[in-house]
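Below: the structure, in structure tokens.
Protein chains: 2
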Amino acid sequence: MTASINDVARAAGVSASTVSRALRGRPGVSDEVRDKITAVAAQLGYTASRSAASLASGRTYTIGVLVPYVGRWFFGTVLDAAERVFSAAGYDVLLYNLGSPEIRKRFFTRLPVRKRVDAVLSLLIPDEEESAALRSLGVPLATTVGGARPGFTVVGIDDRAGTESAVRHLVNLGHRRIGMISGASGPLHWTTPIERRNAYLDVLADAGIEHDPALEADGDYTVEGGERAMTELLAASRPPTAVYAQSDEMAMGALRALRRHRLRVPEDVSVVGFDDHELADVVGLTTVAQPVADQGAEAARLLLRQLDEPGAEPPTEQVQMPIRLVLRETTAPPRPRGPQ
Amino acid sequence: MTASINDVARAAGVSASTVSRALRGRPGVSDEVRDKITAVAAQLGYTASRSAASLASGRTYTIGVLVPYVGRWFFGTVLDAAERVFSAAGYDVLLYNLGSPEIRKRFFTRLPVRKRVDAVLSLLIPDEEESAALRSLGVPLATTVGGARPGFTVVGIDDRAGTESAVRHLVNLGHRRIGMISGASGPLHWTTPIERRNAYLDVLADAGIEHDPALEADGDYTVEGGERAMTELLAASRPPTAVYAQSDEMAMGALRALRRHRLRVPEDVSVVGFDDHELADVVGLTTVAQPVADQGAEAARLLLRQLDEPGAEPPTEQVQMPIRLVLRETTAPPRPRGPQ
DNA sequence: CGTTGTTGCGCAAGCGTTTGCGTTCAGATT
DNA sequence: AATCTGAACGCAAACGCTTGCGCAACAACG
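In the order they appear, the protein sequences are chains A and B. Here UniProt numbering is used: the first residue of the first sequence is 1, the next is one more, and so on. Here UniProt numbering is used: the first residue of the second sequence is 1, the next is one more, and so on.
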């Protein structure tokens with residue numbers, strides 16, 4: 001049996017309440033008694049039971065983090081950064097990996113985080129119902145992915161500006177047949193793919209390029225999906241000379257497809273991605289960089305701030321982080337062609 | 001205020017103990033009463049307070065997972081798989097990201113998981129002291145990384161066999177100057193880099209190849225480290241014609257270095273990695289595949305089993321998962337050279 | 001010297017569950 | 001018909017902490 005607060009109290013010759021106050025830095029304890037208690041606690045290897053503490057105080061000092069897929073680079077990175085901020089502030093992180101629809105559904109109906117967390121950071125896009133379920137927890141909520149809902153603090157990026165810089169870059173290089181690999185098959189209320197698509201269309205229109213629906217394909221935000229999508233695009237009667245992929249992972253899938261088709265990048269086809277994935281540099285991928293870790297850290301910070309000052313601060317807050325185009329080796333002017 | 005067990009009891013016209021038994025599927029409750037309680041609980045949106053439950057029962061239904069760096073592919077993937085197994089069994093996951101030495105130290109001295117978790121899955125290699133601290137928790141322990149310590153259930157792979165298949169492959173292709181990028185700068189008690197190095201040396205010896213210390217470099221298990229290491233190897237008076245990297249991330253760094261030096265892969269230099277990283281396929285990397293997700297899932301399962309049957313089962317268990325060499329496009333015979 | 005504050009500490013009432021034990025009652029057993 | 005046996009349920013005592021309140025002791029004040 002590990003030591004309880006009473007063991008410490010007895011050993012230090014004080015009451016349990018004094019131990020509690022002393023160890024948590026509360027006032028009402030003289031310095032000498034506090035030192036004594038600290039020493040005794042250390043010697044006994046005492047750690048307060050979180051269960052008992054939160055039962056008594058109502059605070060759990062735990063944050064729930066909802067992730068669709070921890071293994072994916074983007075989410076792993078956000079989670080990593082957020083966890084650091086939380087743990088530095090003395091909060092623990094409860095991780096919920098809500099990949100499959102069944103698991104996700106079960107989570108939202110049973111809501112196991114109820115009474116278990118002081119706040120929730122959701123890295124997935126809740127639909128209307130799920131969003132309401134989370135709000136019913138009565139704790140601060142935040143997210144780092146597009147598709148903000150009322151009650152959520154959201155930190156994100158300017159998807160439109162990012163896309164514009166990517167597609168304009170292709171236009172400026174001289175490309176006219178510019179394809180897009182999107183992630184449209186996600187949840188309908190997820191705004192990111194939509195924003196990015198709209199920006200893509202706008203840039204084309206601005207440049208006086210007619211939009212060809214055959215140059216759009218769905219890549220599901222995965223490497224495999226990106227490969228499929230690129231294969232699809234290559235099958236078009238007039239394939240693109242450049243491709244904008246809405247994520248680096250899809251862009252990498254596209255690169256693989258191109259290699260399989262014995263097409264050279266960027267000589268035959270230019271590719272630009274979005275994210276600045278850890279390995280984008282390795283494959284020389286031109287991409288729109290977004291500060292992924294920073295977003296996680298910032299979201300965590302905002303959540304902590306709401307916990308500190310439980311006043312009537314704005315429950316919803318919007319933060320936009322900077323993006324920038326990173327030029328590498330997968331984009332170049334189109335090679336001169338015969339008559340179009 | 002959310003509903004408490006007493007609210008449910010009152011609404012259902014029974015006692016709190018009956019509610020508890022009914023909701024947790026314990027015997028001693030008639031079917032009709034159980035149904036009634038279930039209905040009432042659902043209607044009130046009742047969820048038992050985990051704090052109160054674990055305080056009373058002593059079980060937390062929570063697993064602590066210790067990770068050096070969540071954002072890294074290997075750890076993210078293991079964590080992902082393990083979390084699925086845990087949550088399916090009704091356990092929550094408390095995540096501790098112990099990247100920096102200070103955080104790590106603080107964790108092991110304060111041991112915040114004490115009384116908070118029913119078991120610990122450690123994805124980092126504890127030293128003797130840390131290992132003892134974990135054992136003092138008195139809960140089942142498991143790990144998926146080499147360097148087993150007493151008290152830990154470990155599921156891993158045969159590092160020796162994996163390395164052998166990789167290096168033999170290079171030998172069979174005709175390479176004689178085979179470099180290695182290792183991750184030796186890790187903690188000394190971490191066996192993986194050592195095992196892999198020994199296997200590398202053995203294969204060379206078997207093939208009658210004299211070992212050249214100038215062909216070994218430390219890559220720190222990161223992309224950047226791999227790049228540095230490769231650059232180092234290329235600076236040798238007689239650079240290698242093939243390189244075995246102890247991880248895919250380092251191999252990718254090596255690829256980048258080679259590209260920067262305008263060397264072609266595999267024509268000028270062959271590269272083989274280890275892990276079968278998600279994106280190894282994208283860059284066409286020949287590598288030793290290990291079932292990363294499976295290891296996480298299996299470790300989780302073993303932990304759960306120990307929790308189910310708290311008898312005197314062997315506290316330490318060793319499981320080895322299969323590995324296999326995946327041939328892709330970064331390895332080929334050395335190009336014919338002039339007189340050696 | 002009484003009065004009023006302060007400071008430092010103990011008391012005890014919770015917090016919301018779980019669980020051993022006791023009670024009731026219907027049906028089976030002699 | 002008397003007794004026994006389970007099954008179904010309630011009682012109440014934990015579980016280990018937090019925190020409002022009360023009460024000394026002592027300092028400072030008039």
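C-beta: ideal position from N, C-alpha, C; glycine also.
8 Å Cβ cutoff met for residue 248(B) and residue 274(B) = yes
key: C-alpha gap between residue 322(B) and residue 235(B), whole angstroms   = 36 Å
request  = Put residue 47(B) into one of helix, strand or coil per three-state DSSP.
outcome  = coil
message = Which same chain residues end up closer than 7 Å to residue 60(A) when comparing Cβ atoms and leaving out the 5 residues on each side of it in sequence?
response = 54, 116, 117, 118
query = Going along the chain, which residues of the region 252-285 of chain A sit with their C-beta nearer than 9 Å to a C-beta in chain B?
reply = 252, 253, 255, 256, 259, 277, 278, 279, 281, 282, 283, 284
inquiry  = Considering only the alpha carbon of each residue, which of 327(A), 203(A), 172(A) lies closest to residue 180(A)?
reply    = 203(A)
query = Taking Cβ-Cβ distances shorter than 7 Å, what residues in chain A pair up with residue 52(B)?
reply = 55
task = Assign residue 327(B) to buried or exposed, taking buried as 16 or more other Cβ atoms, counted over all protein chains shown, within 10 Å of its Cβ.
result = exposed
query = By Cβ distance, which residues of its chain are closer than 6 Å to residue 37(A), with the 5 residues on each side in sequence left out?
reply = 12, 19, 22
message = Cutting at 7 Å between CB atoms, please list the residues of its own chain near residue 320(B), excluding the five before and the five after it.
response = 156, 157, 158
task = Taking C-beta pairs closer than 9 Å, name the residues in chain B that residue 103(A) reaches, listed in chain order.
result = 84, 87, 88
ask   = Out of curiosity, what's the CA-to-CA distance linking residue 340(B) and residue 283(A)?
value = The predicted model places residue 340(B) with a pLDDT of 42, which falls under 50 and marks its position as unreliable, so this point remains unresolved.
ask   = Comparing the C-beta of residue 20(B) with each C-beta of chain A, is any distance below 8 Å?
value = no
query = Would you report the Cα separation of residue 108(B) and residue 153(B), rounded to the nearest angstrom?
reply = 20 Å
request  = List the DSSP bridge partners of residue 321(A).
outcome  = 157(A)
key: Beta-carbon proximity check, residue 91(B) vs residue 62(B), cutoff 8 Å   = yes
message = List, in chain order, every chain A residue whose beta-carbon is nearer than 7 Å to that of residue 114(B).
response = 2, 47
ask   = For residue 103(A), which residues from the same chain have a beta carbon less than 8 Å from its beta carbon, with the 5 sequence-adjacent residues on both sides left out?
value = 97
ask   = So the beta strand (DSSP E) residue 92(B) belongs to, where does it begin and stop?
value = 92-97
query = Count the other CB atoms within 10 Å of the CB of residue 338(B); is the residue buried (16 or more) or exposed (fewer)?
reply = Residue placement at residue 338(B) is poorly supported in this model, since its pLDDT is 47, which falls under 50; the coordinates are not used for a value here.
key: Presumed contact (8 Å Cβ cut-off) between residue 271(B) and residue 257(B), rounded CB distance   = Contact flag wrong, Cβ pair sits at about 10 Å.
task = Give the range of the alpha helix (DSSP H) segment to which residue 131(B) is assigned.
result = 128-135
inquiry  = For residue 129(B), tell me which candidate among 149(B), 65(B), 168(B), 58(B) has the shortest Cα-Cα distance.
reply    = 149(B)
task = With 8 Å as the threshold, decide whether the Cβ of residue 172(A) is near any Cβ in chain B.
result = no
query = Cα separation between residue 8(B) and residue 132(A)?
reply = 23 Å
ask   = Does DSSP classify residue 303(B) as helix, strand or coil?
value = helix
inquiry  = Using a Cβ-Cβ cutoff of less than 7 Å, which residues in the same chain neighbour residue 4(B) once the five nearest sequence positions on both sides are dropped?
reply    = none
Any chain B beta carbon closer than 8 Å to residue 97(A) = yes
Proximal chain B residues relative to residue 25(A), where beta-carbon distance stays under 9 Å = Per Cβ cutoff of 9 Å: no residues; residue 25(A) is ~14 Å from chain B at best.
query = Quick one: what's residue 270(A) bridged to in DSSP?
reply = 242(A)
ask   = The alpha helix (DSSP H) with residue 4(B) in it runs from where to where?
value = Residue 4(B) -> no alpha helix (DSSP H), and no H or E assigned at all.
key: Stretch pair the region 295-302 of chain B + the region 82-91 of chain B: three plus CB contacts closer than 8 Å   = yes
key: Contact under 8 Å by Cβ, residue 325(A) with residue 165(A)   = yes
query = So, helix, strand or coil for residue 209(A), using DSSP?
reply = coil
Presumed contact (8 Å Cβ cut-off) between residue 194(B) and residue 242(B), rounded CB distance = Residue 194(B) to residue 242(B), Cβ: 22 Å. No contact.
query = Under the rule that 16 or more other beta-carbon atoms within 10 Å means buried, what is residue 335(B), buried or exposed?
reply = exposed
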